[in-house]
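In the order they appear, the protein sequences are chains A and B.
Counting with our numbering, you get residues 71 to 317 for the letters of the first sequence.
Counting with our numbering, you get residues 4 to 289 for the letters of the second sequence.
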Amino acid sequence: MEFANTLIDWLRPDWFLNLVVISDDYNRARYLAGLWMTVKLSVLSIFFSLIIGILGAAVQGAPSRALRVLVGAFVAFFRNTPPLVQLYFFYFAIGTILRITGENGLPQPLISNFGWAIIALSLFAGALNVEIFRAGIEAVPRSTVEAAEALGYTRLQIYRDIVLPLAIRISLPALGTNLVNLVKTTTLAYAIAVPELLYISAQIWSEDLNVREMMNVLLVSYVGLVAILVWVLHRWEKTLRIPGYGE
Amino acid sequence: MRPTPPVRGHMAVLHLMRIRSDALPLADRMLNVWTFAALMLAFAAVLIAPAFAQVAAPEKRSITAILLEWTPTLAGGFGFNVLISIMSMAIGTILGVGLGVLQVSPIRPIRSVAWLITQFFRNSPWLVLLFYCILLIPFQIEIFGTKIPFPGWIKAVIGLSLPVMAYMSEYMRGAILSIPTGQWESAESLGFSRRQIMTGIILPQTVKRVLPSWMNLYAVLTMATPLVSIIGVSDVMALTRAALSAEGRVDLLIPMYLYILSWFFIYCYPISAVTRLLERKYSVKL
Chain A
71 MEFANTLIDW
81 LRPDWFLNLV
91 VISDDYNRAR
101 YLAGLWMTVK
111 LSVLSIFFSL
121 IIGILGAAVQ
131 GAPSRALRVL
141 VGAFVAFFRN
151 TPPLVQLYFF
161 YFAIGTILRI
171 TGENGLPQPL
181 ISNFGWAIIA
191 LSLFAGALNV
201 EIFRAGIEAV
211 PRSTVEAAEA
221 LGYTRLQIYR
231 DIVLPLAIRI
241 SLPALGTNLV
251 NLVKTTTLAY
261 AIAVPELLYI
271 SAQIWSEDLN
281 VREMMNVLLV
291 SYVGLVAILV
301 WVLHRWEKTL
311 RIPGYGE
Chain B
4 MRPTPPVRGH
14 MAVLHLMRIR
24 SDALPLADRM
34 LNVWTFAALM
44 LAFAAVLIAP
54 AFAQVAAPEK
64 RSITAILLEW
74 TPTLAGGFGF
84 NVLISIMSMA
94 IGTILGVGLG
104 VLQVSPIRPI
114 RSVAWLITQF
124 FRNSPWLVLL
134 FYCILLIPFQ
144 IEIFGTKIPF
154 PGWIKAVIGL
164 SLPVMAYMSE
174 YMRGAILSIP
184 TGQWESAESL
194 GFSRRQIMTG
204 IILPQTVKRV
214 LPSWMNLYAV
224 LTMATPLVSI
234 IGVSDVMALT
244 RAALSAEGRV
254 DLLIPMYLYI
264 LSWFFIYCYP
274 ISAVTRLLER
284 KYSVKL
């Protein structure tokens, strides 16, 4: 009975009636600032990771073996080490060395913690994007390329007009999963004190002691953010659909 | 005069195109040896470079010596990470298989609830789930008079097993749905009950289909275990930071972090390499 009471007490949705985040002006402003920071982190990292992915995939199709080896090493390294340790490595190890003398004569970091978070997240997600795009390019049917050749397309035209559009459509589902993961990974920036959603929420709940309410708000916020991204990707997938394939 | 050797493929243009669009050899793509060599080389370079500088200041200990000194402590921490990953994987897999089976249940409400749970845990960040478990699970639970203590690392295991459960559930759903409907129908016509069909016919076949994703998930989970250092469990990451602050030397930062990165790389790389091989082997040929 005791246990059941505890359980009911634990599940009681008092946050539903007592949403400090919404009712209190100061906390609401902070929460919205955190949300905006998370959105900025996500959008910038998505953008740079896509660029890294496209460049990496292009280089992996290059004739030079040395370049391919280099990109392969980059992908293997970033795929198989923990993103948190990568972030620490960039921020604490490299960030400590990359310093400039500020106006007051004291050493100042060259790149802010926000900057390092974007660099680390983009490199991590970018390495996965390289693999995704390469798989997409490889999955374009050989016969399609040969048919284009027979029609007299040049290699650049084939790549630009036939291989890439098809490869993008093929790699969209995997790309979507990775980008959703990237949005979730932005919480790692908490570890280097970037004032994003999780960091701000932790501040709010340690000041106002409303852990349960704030945790629920936090979870719902992230699920909402991810839902928006999934919706956008779904729309994109639908517009790019090739007639006659799939359902 | 020797005859010219025959040219493979009779059209020069086609031949060139083939070279471009041929699948890259596996060795070029994955670079097991090369990546490892590069990592070790970078690691060695940062180790050796300060050693020359130390001729001037002999009272300082060399970085290699410091790393070796800390290795047993860090190894213990890394073992703890592995333990956490194995336990979360075990719990998450068992729950995930159950949830995945519920996701294809013929009863609509069960199906929807299982889908909702899966989507919720799949789309929330791992770190937030960890915080959720750490802050909201009580220190101890009293059931029938016995007090069961809940130390931080057990909460961390629970927190990590939740997303594993959700991913596993999705993989199971995909695998079950990928089995031809004809098998269900023929099993039904032979008089099997739904439970018998599921446990005797469908689930054994899903093992092969889920295995590569499952292994990949384990590698991802292992790489997520340093997160528990943020919530105060003394894993390898927490110990590394403790070691760094104990030594208090700026030139130790890069070697130390590279050292830890290479440990994770050595542990996770073989897993993802085998995953690739299995994916290739079990891939559906069109």
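Think of the CB as a built atom: it goes at the ideal place given N, C-alpha and C, for glycine as much as any other residue.
Identify, in the order they occur along the chain, each residue of the same chain with its Cβ nearer than 7 angstroms to the Cβ of residue i, setting aside the five sequence neighbours on each side.
i	result
ILE312 (chain A)	ARG239
ASN183 (chain A)	TYR161, ILE262, ALA263, VAL264
ARG32 (chain B)	The predicted model places ARG32 (chain B) with a pLDDT of 49, which falls under 50 and marks its position as unreliable; any figure quoted below should be read in that light. If we look at ARG32 (chain B) and ignore the five residues flanking it on each side, it has no Cβ neighbours.
Please report the residue range of the alpha helix (DSSP H) in which residue i lies.
i	result
PRO273 (chain B)	256-285
THR1 (chain B)	Residue 1 (chain B) cannot be examined here, being either before or after the span of chain B that is shown, 4 to 289.
GLU188 (chain B)	184-192
PRO152 (chain B)	That residue, PRO152 (chain B), is in no alpha helix (DSSP H); its beta strand (DSSP E) goes 149-152.
ILE188 (chain A)	183-208
ASN286 (chain A)	281-309
THR256 (chain A)	Taken as a continuous stretch (DSSP letters only), THR256 (chain A) belongs to no alpha helix (DSSP H), as it is neither H nor E.
GLY290 (chain B)	Residue numbering for chain B in the displayed model covers 4 to 289; residue 290 (chain B) lies beyond these limits and cannot be assessed.
GLU219 (chain A)	212-220
ILE270 (chain A)	267-278
GLY104 (chain A)	95-130
Is the Cβ of residue i closer than 8 angstroms to any Cβ of chain A?
i	result
ILE233 (chain B)	yes
PRO229 (chain B)	yes
PHE81 (chain B)	no
TYR285 (chain B)	no
LEU180 (chain B)	no
SER275 (chain B)	yes
LEU256 (chain B)	yes
GLU282 (chain B)	no
PHE267 (chain B)	yes
VAL253 (chain B)	yes
ILE87 (chain B)	no
VAL131 (chain B)	yes
GLY262 (chain B)	Looking at the sequence shown, residue 262 (chain B) is not Gly but Tyr. No, because no Cβ of chain A sits closer than 8 angstroms to the Cβ of TYR262 (chain B).
Only counting the same chain, and skipping five residues up and downstream in sequence, which positions put a Cβ closer than 6 angstroms to that of residue i?
i	result
LEU114 (chain A)	ILE188
ILE181 (chain A)	none
ALA241 (chain B)	SER232
PRO152 (chain B)	GLN143
LEU303 (chain A)	GLY246
CYS136 (chain B)	LYS158, ILE161, GLY162
TYR174 (chain B)	VAL213, SER216
VAL281 (chain A)	TRP275
LEU268 (chain A)	THR257, TYR260
SER164 (chain B)	SER91, ILE94, GLY95
ARG279 (chain B)	none
Below 8 angstroms CB to CB, which residues in the same chain sit around residue i once its five sequence neighbours on both sides are set aside?
i	result
VAL300 (chain A)	GLY246, VAL250
SER108 (chain B)	ARG114, ALA117
GLN122 (chain B)	ALA169
PRO243 (chain A)	GLU307
SER24 (chain B)	In this prediction, SER24 (chain B) scores a pLDDT of 38, lower than 50, which makes its location untrustworthy; no coordinate-derived value is stated.
GLU145 (chain B)	ILE151
ARG138 (chain A)	VAL129, GLN130, ALA132
Assuming residue i and residue j form a contact by the criterion Cβ under 8 angstroms, report the distance between their Cβ atoms to the nearest whole angstrom.
i	j	result
ILE274 (chain A)	ASN97 (chain A)	6 angstroms
ALA146 (chain A)	ILE270 (chain A)	Incorrect: roughly 35 angstroms between the Cβ atoms, too far for contact.
LEU258 (chain A)	LEU105 (chain A)	In fact, because the Cβ distance is near 17 angstroms, the residues do not count as touching under 8 angstroms.
LEU255 (chain B)	LEU247 (chain B)	6 angstroms
GLY206 (chain A)	SER241 (chain A)	3 angstroms
THR133 (chain B)	LEU230 (chain B)	Sequence inspection shows Leu at residue 133 (chain B); the Thr mentioned does not correspond to that position. Correct: roughly 6 angstroms between the Cβ atoms.
ALA195 (chain A)	LEU252 (chain A)	4 angstroms
ALA357 (chain A)	ILE257 (chain B)	Here chain A has residues from 71 to 317 only, and residue 357 (chain A) is not among them.
VAL296 (chain A)	ASN126 (chain B)	4 angstroms
Taking only beta-carbon atoms, is residue i less than 8 angstroms away from chain B?
i	result
MET285 (chain A)	yes
PHE162 (chain A)	yes
LYS254 (chain A)	yes
TYR260 (chain A)	yes
VAL155 (chain A)	yes
VAL250 (chain A)	yes
ARG239 (chain A)	no
PHE147 (chain A)	yes
PRO265 (chain A)	no
ALA166 (chain A)	In the sequence under discussion, the amino acid at residue 166 (chain A) is Thr, which differs from the Ala named in the question. Closer than 8 angstroms to some Cβ of chain B, the Cβ of THR166 (chain A) qualifies, so yes.
PRO152 (chain A)	yes
VAL293 (chain A)	yes
Any chance the CB of residue i is under 7 angstroms from a heavy atom of the ligand HEM?
i	result
GLU216 (chain A)	What this structure holds is no ligand at all, so the ligand HEM is not there to describe.
Where does the unbroken beta strand (DSSP E) through residue i begin, and where does it stop?
i	result
ARG114 (chain B)	First-last for ARG114 (chain B): 111-125, but that is the alpha helix (DSSP H), not the beta strand (DSSP E).
ILE164 (chain A)	Run containing ILE164 (chain A): none; DSSP gives neither H nor E here.
ILE170 (chain A)	169-171
GLU145 (chain B)	143-146
PRO179 (chain A)	177-179
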